[in-house]
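Novice: Note that UniProt numbering numbers the sequence shown so that position 107 is 107, with each residue one more than the last. Below: one structure in structure tokens.
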Amino acid sequence: MESVILVIHLLIAIGLVGVILIQRSEGGGLGIGGGTMGGMMSTRGTANLLTRTTGILAACFFATSIVLAILAGGHSRPASIIDTLPAAPAQSTVPAQPAVPAPPVSQ
Numbered sequence: 001m002e003s004v005i006l007v008i009h010l011l012i013a014i015g016l017v018g019v020i021l022i023q024r025s026e027g028g029g030l031g032i033g034g035g036t037m038g039g040m041m042s043t044r045g046t047a048n049l050l051t052r053t054t055g056i057l058a059a060c061f062f063a064t065s066i067v068l069a070i071l072a073g074g075h076s077r078p079a080s081i082i083d084t085l086p087a088a089p090a091q092s093t094v095p096a097q098p099a100v101p102a103p104p105v106s107q
């Protein structure tokens, strides 16, 4: 699920960059969106469309960012290192016996 949302997030980011670069700024910018579009829309109508598209893509970008942050945080649970150690069986503290008894010392 995370990878699907991540792909959607990346596509929205690429679309957002494209729409922002198409818009005509006061300084000129790329100027692709300015001028006439074959008489289909006026300059003001194009600006409104691009502004709305930018707003919608920005809202979708923020929404997918929040969803990805929530999904990424759901995997981590606070845990102690002690909880991850395997339980060691209780060992007896009986001293080791020599294998062969020592011969008596003669004087």
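By construction, the Cβ of each residue, glycine as well, lies at the ideal position given by its N, Cα and C atoms.
Would you report the Cα separation of C60 and I12, rounded to the nearest angstrom?
Specialist: Looking up residue 60 in the sequence shown gives position 60. Looking up residue 12 in the sequence shown gives position 12. Roughly 7 angstroms separates the two Cα atoms.
Novice: Have a look at L68 and I81 and give me their C-alpha separation to the nearest angstrom.
Specialist: Position 68 of the sequence shown, counted from the first residue, corresponds to residue 68. Position 81 of the sequence shown, counted from the first residue, corresponds to residue 81. The straight-line gap from Cα to Cα measures roughly 28 angstroms.
Novice: Tell me the rounded alpha-carbon separation between I14 and L85.
Specialist: Start at 1 with the first residue of the sequence shown, and residue 14 comes out as number 14. Start at 1 with the first residue of the sequence shown, and residue 85 comes out as number 85. Going by the C-alpha atoms only, they are around 46 angstroms apart.
Novice: Hey, how far is the Cα of V17 from the Cα of L50?
Specialist: Locating residue 17 in the sequence shown gives position 17, where the first residue counts as 1. Locating residue 50 in the sequence shown gives position 50, where the first residue counts as 1. So the alpha carbons of these two residues sit roughly 12 angstroms apart.
Novice: Short check: CB of T46 to CB of V19, under 7 angstroms?
Specialist: Translated into positions along the sequence shown, residue 46 becomes position 46. Translated into positions along the sequence shown, residue 19 becomes position 19. Not closer than 7 angstroms, so no.
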